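**Q**
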Amino acid sequence: KGIGLVATNGGRIQDYEGLDQSKKPMLPMIAVNTTAGTASEMTRFTIITDERRHVKMAIVDWHITPTVSINDPELMVSMPRDLTAATGMDALTHAVEAYVSTAATPVTDSAALAAIELIARYLPRAVANGEDLEAREQMAYAQFMAGMAFNNASLGYVHAMAHQLGGLYDLPHGVCNAVLLPHVCRFNL
């Protein structure tokens, strides 16, 4: 997504950090998801690690939404258990943060709640048995629903902190989300 954006707009990828910094859409892209968590294959968000600054740059721009998104759960069966759990927690955090967002709508709430329900039911199965194709398919659908929710309602404090921690300490994003989510929920009560 970043390469496609620079190819059509010029400059350096750092020029597009933040909200809606591009002038033109990226090159047409068919995005094929190989994990069930990020929803990068269908959202206006992209996160790029800037190793020089030790940060995860957030680029939020409608011009980086892929043209076509493909979710094939068969591509996910070889994911290791720890990656399955971490990406599943990323999807759960997307859904929870979208649901409690001040920009939430009845449509984003419906997608977020559906995602939460599917993740609660199928993430443990996907972690326990990576070859459980039903669990993989339902997790692909759940992360897509969570992506639809946060793509329109946005995210919150968990992701804001997780991106900083992950960039600074080279930690997996989903693990940062999993650690932070209960604390942020408690703080917001």
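Per our numbering, the sequence shown starts with residue 667, numbered consecutively. We put the beta carbon where it would ideally sit given N, CA and C, even for glycine. Nothing here was measured: the structure is a model prediction, and the numbers come from that model.
1. Counting only the same chain and skipping the five closest in sequence on each side, list residues whose C-beta sits under 6 Å from that of His760.
2. Relative to the alpha-carbon of Ile730, which residue among Pro694, Leu834 and Ala794 has its alpha-carbon at the smallest distance?
3. Between the C-alpha atoms of Asp716 and Leu831, what's the straight-line distance to the nearest angstrom?
4. Tell me, to the nearest whole angstrom, how far the beta carbon of Thr771 is from that of Ala819; I am working on the premise that it is less than 8 Å.
5. So, helix, strand or coil for Ala751, using DSSP?
6. Whole angstroms is fine: what's the gap from Lys722's alpha carbon to Ala794's?
7. Which residue comes first and which comes last in the beta strand (DSSP E) that contains Val726?
8. Taking its Cβ as the centre, do 16 or more other Cβ atoms sit within 10 Å of Arg747, making it buried, or is it exposed?
9. Taking the alpha carbon of Ile736 as the reference point, which residue from Ala697, Gly796 and Asn854 has its own alpha carbon closest?
10. Could you tell me the alpha carbon to alpha carbon distance between Pro848 and Asp686, rounded to whole angstroms?
11. Whole-angstrom Cβ separation of Gln809 and Ala705, contact assumed at under 8 Å?
12. Under 8 Å between the Cβ atoms of Ile713 and His829?
13. Alpha carbon to alpha carbon, how far is Thr709 from Met692? Give it in angstroms, no decimals.
14. Considering only heavy atoms of the ligand ZN, does any lie closer than 7 Å to the CB of Asp686?
15. Beta strand (DSSP E) containing Ile679: first to last residue?
**A** Quick look at the numbers:
1. Your numbering for residue 760 matches position 94 in the sequence shown. Within the same chain, His760 has close Cβ partners Ala812 and Phe816.
2. Here residue 730 refers to the residue found at position 64 of the sequence shown. Checked all of Pro694, Leu834 and Ala794; the closest Cα to Ile730 is Pro694.
3. One-based indexing of the sequence shown puts residue 716 at position 50. One-based indexing of the sequence shown puts residue 831 at position 165. In a straight line, the C-alpha of Asp716 is about 13 Å away from that of Leu831.
4. For this step, residue 771 is matched to residue 105 along the sequence shown. For this step, residue 819 is matched to residue 153 along the sequence shown. Thr771 to Ala819, Cβ: 7 Å. Contact.
5. One-based indexing of the sequence shown puts residue 751 at position 85. Of the three classes helix, strand and coil, the one that applies to Ala751 here is helix, per DSSP.
6. If you number the sequence shown from 1, residue 722 lands on position 56. If you number the sequence shown from 1, residue 794 lands on position 128. One C-alpha to the other measures close to 30 Å.
7. The count along the sequence shown starts at 1 and reaches residue 726 at position 60. Where Val726 is concerned, the enclosing beta strand (DSSP E) stretches over Val721 to Val726.
8. The residue labelled residue 747 in the question sits at position 81 within the sequence shown. Flag for Arg747 reads exposed.
9. Sequence index remark: in the sequence shown, residue 736 carries index 70 (1-based). Of the candidates Ala697, Gly796 and Asn854, the one whose C-alpha sits nearest the C-alpha of Ile736 is Ala697.
10. As a working mapping, residue 848 is identified with position 182 in the sequence shown. As a working mapping, residue 686 is identified with position 20 in the sequence shown. Cα to Cα, the separation comes out at about 31 Å.
11. Taking the sequence shown and counting its residues from 1, one reaches residue 809 at position 143. Taking the sequence shown and counting its residues from 1, one reaches residue 705 at position 39. The pair is a contact, with the Cβ atoms about 6 Å apart (cut-off 8 Å).
12. Position 47 of the sequence shown, counted from the first residue, corresponds to residue 713. Position 163 of the sequence shown, counted from the first residue, corresponds to residue 829. Contact: yes.
13. Mapped onto the sequence shown, residue 692 falls at position 26. Mapped onto the sequence shown, residue 709 falls at position 43. Roughly 13 Å separates the two Cα atoms.
14. Absence of the ligand ZN is noted for the structure shown, with no ligands found whatsoever.
15. In the sequence shown, counting from the first residue as 1, residue 679 sits at position 13. Ile679 -> no beta strand (DSSP E), and no H or E assigned at all.
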